[in-house]
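Colleague: Have a look at the structure that comes next, please.
2 protein chains.
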Amino acid sequence: MKILVIGGGGMVGAKLIGRLAKDGQLGHAQITSLVRQDIVLPAPPPTAVFPIDTHLGDLSVPGEAEKLIALRPDIIFHLAAIVSGEAEADFEKGYRINLDGTRYLFEAIRKAGNGYRPRLVFTSSIAVFGAPFPEAIPDDYFTTPLTSYGTQKAICELLLTDYTRRGFFDGIGLRFPTICVRPGKPNLAASGFFSNIIREPLAGHEAVLPVSEDVRHWHASPRAATGFLLHAATMTLGELGNRRNVTLPGVSCTVGEQIQALRKVAGDRVVARIRREPNETIIRIVSGWPRNFEARRGRELGFTAETSFEEIIRVHVADELDGKIA
Amino acid sequence: MKILVIGGGGMVGAKLIGRLAKDGQLGHAQITSLVRQDIVLPAPPPTAVFPIDTHLGDLSVPGEAEKLIALRPDIIFHLAAIVSGEAEADFEKGYRINLDGTRYLFEAIRKAGNGYRPRLVFTSSIAVFGAPFPEAIPDDYFTTPLTSYGTQKAICELLLTDYTRRGFFDGIGLRFPTICVRPGKPNLAASGFFSNIIREPLAGHEAVLPVSEDVRHWHASPRAATGFLLHAATMTLGELGNRRNVTLPGVSCTVGEQIQALRKVAGDRVVARIRREPNETIIRIVSGWPRNFEARRGRELGFTAETSFEEIIRVHVADELDGKIA
Numbered sequence: 001m002k003i004l005v006i007g008g009g010g011m012v013g014a015k016l017i018g019r020l021a022k023d024g025q026l027g028h029a030q031i032t033s034l035v036r037q038d039i040v041l042p043a044p045p046p047t048a049v050f051p052i053d054t055h056l057g058d059l060s061v062p063g064e065a066e067k068l069i070a071l072r073p074d075i076i077f078h079l080a081a082i083v084s085g086e087a088e089a090d091f092e093k094g095y096r097i098n099l100d101g102t103r104y105l106f107e108a109i110r111k112a113g114n115g116y117r118p119r120l121v122f123t124s125s126i127a128v129f130g131a132p133f134p135e136a137i138p139d140d141y142f143t144t145p146l147t148s149y150g151t152q153k154a155i156c157e158l159l160l161t162d163y164t165r166r167g168f169f170d171g172i173g174l175r176f177p178t179i180c181v182r183p184g185k186p187n188l189a190a191s192g193f194f195s196n197i198i199r200e201p202l203a204g205h206e207a208v209l210p211v212s213e214d215v216r217h218w219h220a221s222p223r224a225a226t227g228f229l230l231h232a233a234t235m236t237l238g239e240l241g242n243r244r245n246v247t248l249p250g251v252s253c254t255v256g257e258q259i260q261a262l263r264k265v266a267g268d269r270v271v272a273r274i275r276r277e278p279n280e281t282i283i284r285i286v287s288g289w290p291r292n293f294e295a296r297r298g299r300e301l302g303f304t305a306e307t308s309f310e311e312i313i314r315v316h317v318a319d320e321l322d323g324k325i326a
Numbered sequence: 001m002k003i004l005v006i007g008g009g010g011m012v013g014a015k016l017i018g019r020l021a022k023d024g025q026l027g028h029a030q031i032t033s034l035v036r037q038d039i040v041l042p043a044p045p046p047t048a049v050f051p052i053d054t055h056l057g058d059l060s061v062p063g064e065a066e067k068l069i070a071l072r073p074d075i076i077f078h079l080a081a082i083v084s085g086e087a088e089a090d091f092e093k094g095y096r097i098n099l100d101g102t103r104y105l106f107e108a109i110r111k112a113g114n115g116y117r118p119r120l121v122f123t124s125s126i127a128v129f130g131a132p133f134p135e136a137i138p139d140d141y142f143t144t145p146l147t148s149y150g151t152q153k154a155i156c157e158l159l160l161t162d163y164t165r166r167g168f169f170d171g172i173g174l175r176f177p178t179i180c181v182r183p184g185k186p187n188l189a190a191s192g193f194f195s196n197i198i199r200e201p202l203a204g205h206e207a208v209l210p211v212s213e214d215v216r217h218w219h220a221s222p223r224a225a226t227g228f229l230l231h232a233a234t235m236t237l238g239e240l241g242n243r244r245n246v247t248l249p250g251v252s253c254t255v256g257e258q259i260q261a262l263r264k265v266a267g268d269r270v271v272a273r274i275r276r277e278p279n280e281t282i283i284r285i286v287s288g289w290p291r292n293f294e295a296r297r298g299r300e301l302g303f304t305a306e307t308s309f310e311e312i313i314r315v316h317v318a319d320e321l322d323g324k325i326a
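So the protein sequences, as listed, match chains A and B.
Residues 1 to 326, numbered by this note's numbering, are exactly what the first sequence covers, in order.
Residues 1 to 326, numbered by this note's numbering, are exactly what the second sequence covers, in order.
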């Protein structure tokens, strides 16, 4: 089985490749080769029993997708995107990379012909939804994105379904929850604080909380994210019919509940490292974000996430901190 | 006020242009000029107190949209599309005309700059919805099209909202009901029979009914279609917020109820001209189509359609037959 990971340089892509390298197989199939693609990739790739090739490039450059598809991968993970903030700041770049790049990929697969029909796993986002919405968004709720990023993801979801219906590939789109606790340094993304207020205190550093404790959001761990991708790559997709985009399960909790969970896992001393500093811009942005989902279909299809924020923190402590709290 | 009608050669476009020519104004504003654009257009244009220019061309050819936008129209009606059957038969042509053509138009407006921000009225379709759905589809129901045409319309709806949110134009997308009774000759569209079984008997001809009488569908007259467009061009759009696509009101009725209404308007002699000839292909296609909508928001926004199928037939007799039944 040949695997292609487009956008393999991101946090989720790197975790996925690491897991595949460790397992040596995907479902019951031996992996024979893997190509990781991105604009920038850490060198060297992880050690694996199968060869891992590195392909540096930009999917939104015409011809790039054809080069990747010439290898006829059996499974394609398409994780490449510029993030919400950048797609909002640079209109043209957002459409070029998040929409045109994806369309080039889909077209390269369609034009390959000769019965080539790979599994395609696409990472979408809960950003396809925009306020106002009900407390828990049902699976049949409409997509009214409030960002260009969310618009681009919603468009790619529609294309994925049509290309699948036409038989060009066997696609599934995954609406990821906010991935939390993100490892690495704090960043300036508006959603960054959801991870910062857990990761930084656990590492002995101060973190800033820019919103009130009653803000509710939808989370899953990086480990759950890898699990979503592996399940999507191996499950039977026929039961999806022509509704190929799935809102994934997650944990809906308030910032206050996040902090309570942190206290339970790490104690008052760690929680005391959170400093409250309200930021009106972030408060406004976050007010338009989804808070909770029914995600019934995602669960019925066998996708699993954590069931409490405490569990999400324990996954972070185990996977990123070797079980050690500062 | 300068008006541009893209796709002015179709049935709805021609009716719209005829109405504007007759009125001489749109809302309270005098029309100073109108450009009608299409691949083919009937010559000459209708008589009007303002000049009507004819622009033959294909919106999906790069550069075409820029030429049209160079005129800086205040109101743009974008009605151009290839229909469902053709977009399904020719994948590339469907995406080129229904998606790329629309995107070229939106981009040409965005790049015009200098504060240019026209009103843009886009005709979408109930084909953005795909079975299974509830008996009456609510306004917040998700778009899961089952055709490439419906996919292209749903994508254009998303683009329209994002371009509007960004301030590039002031857009509204209208999900038209099936327009019935369509004037003209019977055609091979799967939906053609909804009109054929009314228009042909009223004109003294036989018509074929390929489905059973319990098939339910969603209709509005050509006169209502013109009304939708004029209302969308003149209403205040601010109250739409970031939800710029509207499911329009219509009449939900079964084929049996259509025939009953025909009997009431024209008697048994006319109804006897309907011949039942079940067609399994059409029965299958139609089974995936929407039957009924709540369309609460469309009504609240001031859009109006007929309230019974009898009224739809009487509109046809008045507008197309000069009140005469054969």
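All C-beta atoms in this analysis are idealised placements derived from N, C-alpha and C, irrespective of residue type, glycine included.
1. If you measure beta-carbon to beta-carbon, which residues of the region 288 to 320 of chain B are closer than 9 Å to chain A?
2. Quick one: list the residues of chain B neighbouring residue 130 (chain A), beta-carbon separation under 8 Å, in chain order.
3. Can you find at least 3 beta carbon pairs, one from the region 304 to 311 of chain A and one from the region 48 to 67 of chain B, that sit closer than 8 Å?
4. Under 8 Å, Cβ to Cβ, is there at least one residue of chain A near residue 162 (chain B)?
5. Going by Cα to Cα distance, which pick from A:223, A:218, A:245 and A:157 is closest to residue 257 (chain A)?
6. Considering only residues of the region 75 to 161 of chain A, which uninterrupted alpha helix (DSSP H) runs meet the minimum length of 4 residues and lie entirely inside it, listed in chain order?
7. In chain B, which residues lie with their C-beta within 7 Å of the C-beta of residue 91 (chain A)?
8. Starting from the C-beta of residue 227 (chain B), find all residues in its chain whose C-beta is less than 7 Å away, skip the five residues before and the five after it, and write them out in chain order.
9. Would you call the region 72 to 86 of chain B and the region 128 to 137 of chain B in contact, with 3 or more CB pairs under 8 Å?
10. Per DSSP, residue 333 (chain A) forms a beta bridge with which residues?
11. Which whole runs of the beta strand (DSSP E) in the region 33 to 74 of chain A are 3 residues long or more, in chain order?
12. Please list, in chain order, all residues of the same chain as residue 55 (chain B) whose beta carbon is under 6 Å from its beta carbon, the five residues on each side excluded.
13. Please give me, in chain order, every unbroken run of the alpha helix (DSSP H) with length at least 4 that falls completely inside the region 248 to 319 of chain A.
14. Using a Cβ cut-off of 8 Å, pull out every chain B residue sitting near residue 155 (chain A), in sequence order please.
15. Assign residue 236 (chain A) to one of three DSSP states: helix, strand, or coil.
16. Does the beta carbon of residue 140 (chain A) sit closer than 8 Å to a beta carbon anywhere in chain B?
17. Against residue 105 (chain A), what residues of chain B qualify as contacts under a CB-to-CB distance less than 9 Å, listed in chain order?
18. Exposed or buried, what is residue 152 (chain A) when buried is set at 16 or more other beta-carbons lying within 10 Å of its beta-carbon?
19. Rounded to the nearest angstrom, what separates residue 261 (chain A) and residue 224 (chain A) at their Cα positions?
20. Using 8 Å for Cβ pairs, my map puts residue 179 (chain A) next to residue 244 (chain A). What's the rounded Cβ distance?
21. How do the region 198 to 214 of chain A and the region 147 to 166 of chain A stand: do at least 3 beta-carbon pairs fall below 8 Å, yes or no?
22. Taking the alpha helix (DSSP H) that residue 23 (chain B) belongs to, which residues open and close that run?
23. Could you tell me whether the Cβ atoms of residue 16 (chain A) and residue 234 (chain A) are closer together than 8 Å?
24. Can you pull the DSSP bridge partners for residue 175 (chain B)?
25. At a CB-CB cut-off below 8 Å, which residues of chain B make contact with residue 151 (chain A)?
26. Could you tell me how far apart the beta carbons of residue 330 (chain B) and residue 126 (chain B) are, in whole angstroms, since I believe they sit closer than 8 Å?
27. Can you tell me whether DSSP reads residue 216 (chain A) as helix, strand or coil?
28. Check the Cβ-Cβ distances between residue 226 (chain A) and every residue of chain B, and say whether any is below 8 Å.
29. Bridge partners for residue 6 (chain A) per DSSP, in chain order?
30. Taking 8 Å as the threshold (beta carbon to beta carbon), is residue 248 (chain A) in contact with chain B?
31. With a cut-off of 8 Å, does the C-beta of residue 143 (chain B) fall near any C-beta of chain A?
32. Against chain A, does residue 146 (chain B) count as a neighbour if the rule is that its beta carbon must be under 8 Å from one of theirs?
33. Express the C-alpha separation of residue 270 (chain A) and residue 302 (chain A) in angstroms, rounding to a whole number.
34. Does DSSP put residue 189 (chain A) in a helix, in a strand, or in coil?
35. Based on DSSP bridge pairs, tell me the residues matched to residue 211 (chain B).
36. If I measure Cβ to Cβ from residue 141 (chain B) and keep anything under 8 Å in the same chain, skipping five residues before and after, which residues do I get?
Modeller: Let me spell this out:
1. none
2. 242
3. no
4. yes
5. A:218
6. 84 to 89, 91 to 94 and 101 to 112
7. 166
8. 304
9. no
10. This structure gives no information on residue 333 (chain A), because the portion of chain A shown stretches from 1 to 326.
11. 33 to 38 and 52 to 56
12. 35 and 37
13. 255 to 266, 268 to 271, 280 to 287 and 296 to 300
14. 155, 158 and 159
15. coil
16. yes
17. Near residue 105 (chain A) there are no residues of chain B at all, since even the closest Cβ is about 15 Å away, more than 9 Å.
18. buried
19. 18 Å
20. With a Cβ gap of about 22 Å, residue 179 (chain A) and residue 244 (chain A) do not count as contacting.
21. no
22. 11 to 23
23. no
24. B:124 and B:247
25. 158, 159, 161 and 162
26. This structure leaves residue 330 (chain B) out entirely; chain B is present only between 1 and 326.
27. strand
28. no
29. A:37 and A:78
30. no
31. yes
32. yes
33. 35 Å
34. coil
35. Looking at the DSSP assignment, residue 211 (chain B) forms no beta bridge with any residue, so it has no partner.
36. 129, 133 and 134
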